[in-house]
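J.: First residue of the sequence shown: 5, per our numbering; consecutive thereafter.
Built from N, CA and C at the ideal position, the CB exists for glycine as well.
Predicted, not measured: the structure shown is a model, and the values here were computed from it.
Provided herewith is a single structure, encoded as structure tokens, for subsequent inquiry.
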Amino acid sequence: MSSQRREPELLYPSSGAAWTWDHAAQCVCWAPRARALLRPAGNRECKFFSLTETPEDYTIIVDEEGFLELPSSEHLSVADATWLALNVVSGGGSFSSSQPIGVTKIAKSVIAPLADQNISVFMLSTYQTDFILVRERDLPFVTHTLSSEFTILRVVNGETVAAENLGITNGFVKPKMVQRPVIHPLSSPSNRFCVTSLDPDTLPTVATLLMDVMFYSNGVKDPMAASGDDCGHIRFFSFSLIEGYISLVMDVQTQQRFPGNLLFTSASRELWKMVRIGGQPLGFDECGIVAQISEPLAAADIPAYYISTFKFDHAVGLSSRGAPVGPAVPSSQLGGT
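This is the structure in structure tokens:
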């Protein structure tokens, strides 16, 4: 690990938005616009796009250009604030130049301090990096909280520049460290997942397949599931296309639909288990949910990806010893779906 001071970089200082829509609207409202995102990179105006399908609905996160393309529909709901995307890099001013660090690697340095200041975060882990989305109105408190440990940078017209000092001092007290028990119910679906990517140049090759997986497929159940009807299997698929870099989080059955020579996989070909957080929709205002999950995982040295959606949160992880992410959280709260 580099001894150089790491820098959270504010990638999209005024353009993030989170939307959700129900499954009934999937083909009519968004599928035609998603096709435009699968064109060659030079023809896309939207530079930050993420779509996650869960059993409840779809969640998308888009930048300002993508937001303007969204249709008006009674099926669509939008978060009530503009969100800014930050990520931690070791240097060079670009997340693409950094090594994947995982949400557990920033649990102590970023996630916990923001939770201590009652700052709500919306997480999006990708194959390349981890994005911490915060409300635009919280930015002064975010930068003040992290500035003692990090150099804060922002991207303006593609150039990385130092973030301005917003001067938050009055009434800002460094809180004492507190324990954060997991307060929301947890469940672990039976699916096994992979986190992967592919070369953007091959995107046209799999564009039709991606469209089918995202909008027209009901998924394939795991034949190795313990129960006959596999009530613990859930539909989950996450696709991100951010600054030309692609990230995919999907279960092993969906992965098998893709040409094996196109996907980036680790030498060990590890499969990951998921923990879903929340029995009721979590909303956007509660603080500390990501910290409640990421801190015990970090303490157990379990790398994990974390994806927030409009209603629930999802942690996907595997320990270095091969144990799934579940044992790092209280077993009394870990149940089936």
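Along the chain, where does the alpha helix (DSSP H) containing residue 215 start, and where does it finish?
T.: Per DSSP, residue 215 belongs to the alpha helix (DSSP H) from 207-215.
J.: For residue 249, list the residues DSSP reports as bridge partners.
T.: In the DSSP output, where bridge partners are listed per residue, residue 249 has 246.
J.: Could you spell out where the alpha helix (DSSP H) holding residue 71 opens and where it closes?
T.: Residue 71 -> alpha helix (DSSP H) spans 68-73.
J.: Give a yes or no on whether the minimum CB-CB distance between residue 212 and chain B is below 7 Å.
T.: Looking at the structure shown, chain B is missing, and only one protein chain is on hand.
J.: In terms of DSSP beta bridges, what is residue 218 paired with?
T.: None, per the DSSP bridge assignment.
J.: Taking 7 Å as the cut-off, decide whether the C-beta atoms of residue 212 and residue 268 are in contact.
T.: Cβ atoms of residue 212 and residue 268: not closer than 7 Å.
J.: Taking C-beta to C-beta, are residue 1 and residue 126 nearer than 7 Å?
T.: The structure shown has nothing for residue 1, since the chain only spans 5 to 341.
J.: Go ahead and pull the three-state DSSP assignment for residue 318.
T.: Residue state, collapsed to three classes: strand.
J.: Under 8 Å by Cβ, that's how I've got residue 136 and residue 90 pegged, so tell me the actual separation to the nearest angstrom.
T.: That pair is a contact at about 5 Å.
J.: Enumerate in chain order the residues of its own chain whose CB-to-CB distance from residue 117 is below 7 Å, with the five nearest sequence positions on each side excluded.
T.: Hits under 7 Å: 149 and 150.
J.: Determine, using beta carbons only, whether residue 85 and residue 139 come nearer to each other than 7 Å.
T.: In this structure, residue 139 lies closer than 7 Å to residue 85 by Cβ.
J.: Let me confirm a value: residue 115 is counted as buried when at least 16 other C-beta atoms fall within 10 Å, else exposed. Which label applies?
T.: With 16 or more other Cβ atoms within 10 Å, it is buried.
J.: Between the Cα of residue 53 and those of 65, 61 and 59, spot the shortest distance and give me the residue it belongs to.
T.: Residue 53 has its Cα closest to that of 65, out of 65, 61 and 59.
J.: Give me the Cα-Cα distance between residue 340 and residue 155, rounded to the nearest whole angstrom.
T.: Confidence is the limiting factor: at residue 340 the pLDDT is only 49, short of 50, which leaves the residue's position unreliable and the question unanswerable from this model.
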